[in-house]
Amino acid sequence: MPLSKPARRSAQHTRTVTCTGYLRDDQLWDIEARMTDIKTHDVDNAERGGYVAGGEAFHDISIRVTLDKGLYIHQVEAVIDGSPFRMCSQITSAFKKLEGSRIGPGWQKQARALLGGVAGCTHLNDLLPVVATTAIQAIWPSSGKEGDGGVLKEGAKFMLNSCHVWGQSSDMVKTYLPEHYIDK
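Reminder that position 95 of the sequence shown reads as 95 in full-length UniProt numbering, one-by-one numbering, no gaps.
This is how it looks when you write it as C-alpha cells:
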C-alpha cells in the first residue's frame with residue numbers, strides 16, 4: 001500500500017542511502033554503504049568556493065566493512081568525498097576501531113561507544129545500522145541449506161525480539177521456530 005496523496009509541495013533536499021553486500025572470491029564479504037545529501041538550491045558554504053550548487057552533493061560519504069560469515073569485521077574503510085567542511089574527512093580512520101568487533105546484539109551500542117560524539121562522524125555513524133542489517137541480509141541466507149530451516153534458525157540469534165514478527169510470542173516464531181516460542 002503506497003503512502004497517501006501528499007499536499008502540494010516542492011522538493012528541497014534528498015538524502016539517498018544505498019548499501020550492497022558483495023561476496024568476495026576469498027569468501028569474505030564486503031558491505032558498502034553510501035549516503036548522499038543533495039539540495040535543489042544553492043547553499044552558502046565558504047569552504048567549498050562560496051557555495052554548494054543545487055544538485056551537487058552536499059554530503060557524499062561511504063564506508064566499506066569487510067567481514068566473514070560469522071559477522072566478524074576484518075577491515076573498515078571510510079571516505080568522505082563531499083562535505084561542508086574540509087576537516088570532516090580527518091575522522092575517517094577512526095572507524096578502523098570497529099575492526100575485530102562482531103556484528104550482532106549490542107554491536108550498535110558498542111559502535112556508538114567507540115565512535116559517538118566528537119570521536120566519530122554523525123553521518124558515518126548513521127550508516128552503521130544500515131551496514132549491519134545489510135550484512136545480515138546478505139550473509140544470513142548463505143548460512144543454511146534451502147529447505148532445512150537453517151536460515152531461520154541461524155537468524156533467530158540475531159532477530160528474536162527485534163520486532164513484532166520476531167517476538168518470542170508471535171505466530172511466526174510459534175510456527176517456524178517453536179523451540180524459541182514463549183506462550184503469552
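Virtual Cβ for every residue (Gly too), placed ideally from N, Cα, C.
| Asked | Found |
| --- | --- |
| Three-state secondary structure (DSSP) of S4 | coil |
| Presumed contact (8 Å Cβ cut-off) between Q137 and G21, rounded CB distance | 7 Å |
| Extent of the continuous alpha helix (DSSP H) to which R112 belongs | 107-115 |
| CA nearest to the CA of Q90, picked from Q12, V118, L177, K174 | V118 |
| Any non-hydrogen atom of the ligand PLP closer than 8 Å to V43 Cβ | As for the ligand PLP, it is missing from this structure, which has no ligand bound. |
| Of the listed residues H164, A156, I61, nearest to Y176 (C-alpha basis) | A156 |
| Three-state secondary structure (DSSP) of T20 | strand |
| Host beta strand (DSSP E) of A33 (start-end) | 29-39 |
| Three-pair Cβ contact test at 8 Å for the segment 122-136 versus the segment 57-76 | yes |
| Anticipated Cβ contact below 8 Å, A78 with T92, distance rounded | 4 Å |
| I73: first and last residue of the uninterrupted beta strand (DSSP E) it sits in | 73-82 |
| 9 Å Cβ cutoff met for F158 and P84 | no |
| Residue span of the alpha helix (DSSP H) that contains Y176, given as start and end | 171-176 |
| Opposing strand residues paired with N45 [DSSP bridges] | G50 |
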